[in-house]
Amino acid sequence: MSVWNELTGQPEAIELFRAAAGGSTQQAAMTHSWLITGPPGSGRSNLAYAFASALLCRNGGCGVCPDCRQVAARTHPDLAVLATDRVIISIDEVRSLVTSSQFSPSVSRYRVMVIEDADRMVERTSNVLLKALEEPPERTVWILCAPSEADLLPTIRSRVRSVRLRVPSASDVARLLQRRDGVDHETAERAARESQSHIGMAHRLATNDDARARREETLNIALGIQTVPEAVMAAARLLELAKDDAEAITEERDAEERENTLRTLGVEPGQAVPMGLRSQVKALEEDQKRRATRSLRDGIDRILVDLLSLYRDVLLLQLDSELELINLAIEEQLVQVARDTDPAETLAIMDAIAAARLRISRNVTPALALEAMLVTVASPQRKATL
Ligand SMILES: [Zn+2]
């Protein structure tokens, strides 16, 4: 058992971090500031915490000792984490992290500072971090994560060692779900394909019936649209699905976070929160409320990505491509749509989906953007039935 078993599809990166955490024989392998880049779902933060475990555990990241378990729960005394679901990391958050990076480790060899979304800092905030990266104390290690190097200021980039992750293959992700979560082969393969190798989403689709049902309904709604009024109604239903999905994710995470906070404050489960600690719990709750907006937007985007995968499959069928379908489970329906429409129409729908994503990211009302997109879906099929 080891923390490295929790990862998949990144053998080179794992080797690099293992060597770095391995100890003093390979001085050159270790450095104080790291940047892990890779697309969402490639396992950036999983790798960051595996490396943190390897640095903090006495057995190089065994996965079972108290150190490793505390890293997994994000409660290790020598681990500081900055993870945010908000759009921007505040300068105060980074300031307090920088301050705590100055302390010596209390129980382990190192003090490890993780920033999960280092791309969400404005320049002024990055500059606060820059000073800390320039002269880190000897036993402090920074691990930053971001989608790509280009998302950080050049001054930050030049002070970190970059490790780039690739998108794991669907079979890599399926194997991880089988090995780590005990998911059966068929479900794991399907979830890995349908999530397009996004590890977190694949896990959710494989283990959460509601999430799976919502994805199926999303695709069925699009496939069922034939008229413009139907498109308008479909937009409303898709929005509801996105809301439900976002709420389910938010609830799971909020509950877990609240539990962790209470534990950190020394409040036992089920016990009332003492008066003096209530303000801290309240601050957390307000933070969670603020995040809800972002989470809905992510939910809508997930739906649009799923729809894009649907028409990508239709296009592959129309072009007689040999590539594997993402939505293999509804192949028959896809073949039907591919026959009833032509590639130009499919491309027009894919363009409309891309446009909807862009418009929503620019704060166009989601309902309007979805309606406009689904009307495009209605046009070719309407022509076919007329
Ligand atoms: Zn351990």
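If you want our numbering, it's the position in the sequence shown, counting the first as 1, plus 3. Glycine included, each C-beta is placed from N, C-alpha and C at the ideal position. Source: prediction; values computed, not measured.
Item: Could you give the C-beta distance for D122 and P150, rounded to a whole number, given that I count them as a contact under 8 Å?; Value: 6 Å
Item: Give a yes or no on whether the C-beta atoms belonging to L307 and R360 are separated by under 7 Å.; Value: yes
Item: Might you give, ordered along the chain, the residues of its own chain that have their beta carbon closer than 7 Å to the beta carbon of D154, omitting 5 neighbours on each side?; Value: D122
Item: Can you give, in chain order, each stretch of the beta strand (DSSP E) that sits fully within the segment 65-89 and has at least 3 residues?; Value: 82-85
Item: So if DSSP puts V115 in a beta bridge, which residue, or which two residues, is it bridged to?; Value: L82 and V144
Item: P346: buried (16+ other C-beta within 10 angstroms of its C-beta) or exposed?; Value: exposed
Item: Quick check on DSSP: helix, strand or coil for T40?; Value: strand
Item: Mind checking which residues open and close the beta strand (DSSP E) that includes R360?; Value: Here R360 belongs to no beta strand (DSSP E); instead the alpha helix (DSSP H) covers P346 to S364.
Item: Roughly how many angstroms separate the alpha carbons of F20 and G41, rounded to a whole number?; Value: 16 Å
Item: Taking V110 as part of the alpha helix (DSSP H), name the residues at either end of that continuous run.; Value: Taken as a continuous stretch (DSSP letters only), V110 belongs to no alpha helix (DSSP H), as it is neither H nor E.
Item: Reducing DSSP to helix, strand and coil, say where V340 ends up.; Value: helix
Item: Identify the continuous beta strand (DSSP E) that holds V166 and give its terminal residues.; Value: R164 to R167
Item: Pick helix, strand or coil for A275, following the three-state DSSP scheme.; Value: coil
Item: Between the segment 215-225 and the segment 40-59, are three or more C-beta pairs nearer than 8 Å?; Value: no
Item: Near A86, which residues of its chain fall below 6 Å by C-beta distance, leaving aside the five closest residues on each side in sequence?; Value: E119
Item: Leaving out the 5 sequence neighbours to the left and right, which residues in its chain are closer than 7 Å to R261 when beta-carbon positions are compared?; Value: L287
Item: Got a sec, what are the start and stop residues for the alpha helix (DSSP H) S103 sits in?; Value: I94 to S104
Item: Let's test the definition: count the other Cβ atoms within 10 Å of the Cβ of Q199 and tell me whether it reaches 16, buried, or not, exposed.; Value: buried
Item: Would DSSP call A16 helix, strand or coil?; Value: helix
Item: Compare the beta carbon distance of W145 and M116 with 7 Å and say whether it is the shorter of the two.; Value: yes
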